[in-house]
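All remarks here apply to the structure that follows.
Number of protein chains: 2
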Amino acid sequence: MPEEFESGMDNHETIRPSGGLDNSVYIGPKPFMNYVTAIVMQFTTKNASEVIIKARGKFISRAVDVCEVAAKRFLEGSVSVKDIKIGSEEFTNKEGRQVRVSTIDIVLIRN
Amino acid sequence: MPEEFESGMDNHETIRPSGGLDNSVYIGPKPFMNYVTAIVMQFTTKNASEVIIKARGKFISRAVDVCEVAAKRFLEGSVSVKDIKIGSEEFTNKEGRQVRVSTIDIVLIRN
Numbered sequence: 004m005p006e007e008f009e010s011g012m013d014n015h016e017t018i019r020p021s022g023g024l025d026n027s028v029y030i031g032p033k034p035f036m037n038y039v040t041a042i043v044m045q046f047t048t049k050n051a052s053e054v055i056i057k058a059r060g061k062f063i064s065r066a067v068d069v070c071e072v073a074a075k076r077f078l079e080g081s082v083s084v085k086d087i088k089i090g091s092e093e094f095t096n097k098e099g100r101q102v103r104v105s106t107i108d109i110v111l112i113r114n
Numbered sequence: 004m005p006e007e008f009e010s011g012m013d014n015h016e017t018i019r020p021s022g023g024l025d026n027s028v029y030i031g032p033k034p035f036m037n038y039v040t041a042i043v044m045q046f047t048t049k050n051a052s053e054v055i056i057k058a059r060g061k062f063i064s065r066a067v068d069v070c071e072v073a074a075k076r077f078l079e080g081s082v083s084v085k086d087i088k089i090g091s092e093e094f095t096n097k098e099g100r101q102v103r104v105s106t107i108d109i110v111l112i113r114n
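Next comes the structure, spelled out in C-alpha cells:
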C-alpha cells in the first residue's frame, strides 16, 4: 500500500496512483472552481475526448457537485456522463487498523 | 417546490418525493447501520429484487459508503450495482436565492 495513505483523509487528493491517466481529475479540498476549470480545460485547450473525475471518502459528494457544474453549466450539451463506478479501498492506518474508504470514478465524454 | 426544502441541508433525508417507491432507501444523518440494515432487510425479509439508494448533497458520500458495506459485506455475492445516476435539483431557499443540490441514485439488484 502506498505510504501516502498514512497521512490520512485530508490528503486523499494528493494521491496519484501509478498508472493514472493524465485526463484524470482528483477531487480534494482545494477551491471548488479549480476542479471545474481543470475539467473544462481538459475538454477545451487539451482537446481530451474523455475525462475521469476521481474521489474518495468525503470528497465523493464534492466530485458529483464538480461534475454537475462542469457538465451542465460550463460544457452544457457538449459532454455527457458515460459511466460511474463506485468501489472500496482497504488499507492499514498508522494505528495498524484496517480502514475502508469508498471511491468513485465518473467518466465524462465529449458528445 | 416542496416546502421541506426550506428546512435546509440537515433535513434532506426527511424528503420523500411523491411517486417514490417503497424499495427506495433515503440516506441522511441517522446512524450508519440503520441504512445498511434497511437495505439488507429489503433484499431478505421483504424479498425485493431491486433497491434504490438515494441521497442528496453532503449525504452522497455516505450513500456510497452504505452501498459498499451492504453490497460487499452483508450481501456479498448476492447483489450487484445495476446503475448509478447523478443529477441536480434546483430550488429557491428561504432567502429567495436559487440553490442547486446534487443527487445520486444507486440501483442495487439481486444477482
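Protein chains in written order, with the numbering used here: chain P, 4 to 114; chain A, 4 to 114. Note that beta-carbon positions come from the ideal geometry of N, C-alpha and C, so glycine has one too.
Listed by chain order, chain P residues near V102(A) by CB distance under 7 Å
Per Cβ cutoff of 7 Å: no residues; V102(A) is ~12 Å from chain P at best.
If we cut at 7 Å on Cβ distances, does G23(P) have a partner in chain A?
Bear in mind that the predicted position of G23(P) carries a pLDDT of just 44, short of 50, making it too unreliable to give a figure here.
Is the beta carbon of R113(P) closer than 7 Å to that of V72(P)?
no
Minimum Cβ-Cβ distance from D68(A) to chain P less than 7 Å
yes
Give, in chain order, every residue of the region 82 to 114 of chain A whose Cβ lies closer than 9 Å to some Cβ of chain P.
V84, D86, I87, K88, I89, G90, S91, R103, V104, S105, T106, I107, I109
Counting only Cβ pairs nearer than 8 Å, list the residues of chain A close to E71(P).
I89, G90, S91, R103, S105
Is the separation between the beta-carbon of A74(P) and that of I30(P) shorter than 7 Å?
no
Touching by the beta-carbon criterion (3+ pairs, under 8 Å), the region 32 to 39 of chain P and the region 84 to 94 of chain P
no
Counting contacts by CB-CB distance shorter than 7 Å, is S64(P) in contact with chain A?
yes
Going by DSSP, what residues sit across from V54(A) in a beta bridge?
L111(A)
Per-residue contacts from G60(P) into chain A (C-beta, under 7 Å):
S64
Using the Cα positions of V102(A) and I63(A), report the straight-line distance between them to the nearest angstrom.
17 Å
By the 8 Å beta-carbon criterion, what residues does the region 30 to 57 of chain A contribute toward chain P?
none
Give me the DSSP bridge partner(s) of F94(A).
V102(A)
Using the rule of at least 16 other Cβ atoms within 10 Å of the residue's Cβ for burial, across every protein chain shown, is T48(P) buried or exposed?
exposed
Might you give, ordered along the chain, the residues of its own chain that have their beta carbon closer than 6 Å to the beta carbon of M44(A), omitting 5 neighbours on each side?
none
Extent of the continuous beta strand (DSSP E) run through S27(A):
27 to 29
Starting from T40(P), trace the alpha helix (DSSP H) both ways and give me its first and last residue.
Unbroken alpha helix (DSSP H) run through T40(P): 35 to 46.
With a Cβ-Cβ cutoff of 7 Å, do V84(P) and I56(P) count as a contact?
Taking a C-beta distance under 7 Å as the contact criterion, V84(P) and I56(P) do not qualify as a contact pair.
Beta carbon of V54(P) nearer than 7 Å to that of N26(P):
yes
Going by the CB atoms, is the gap between G60(A) and V110(A) shorter than 7 Å?
no
Are there 16 or more other CB atoms within 10 angstroms of the CB of R65(P), so buried, or fewer, so exposed?
Under this definition R65(P) is a buried residue.
At what residues does the alpha helix (DSSP H) containing E71(P) begin and finish?
62 to 72
Local Cβ density within 10 Å of T95(P), reported as buried at 16 or more and exposed below that:
exposed
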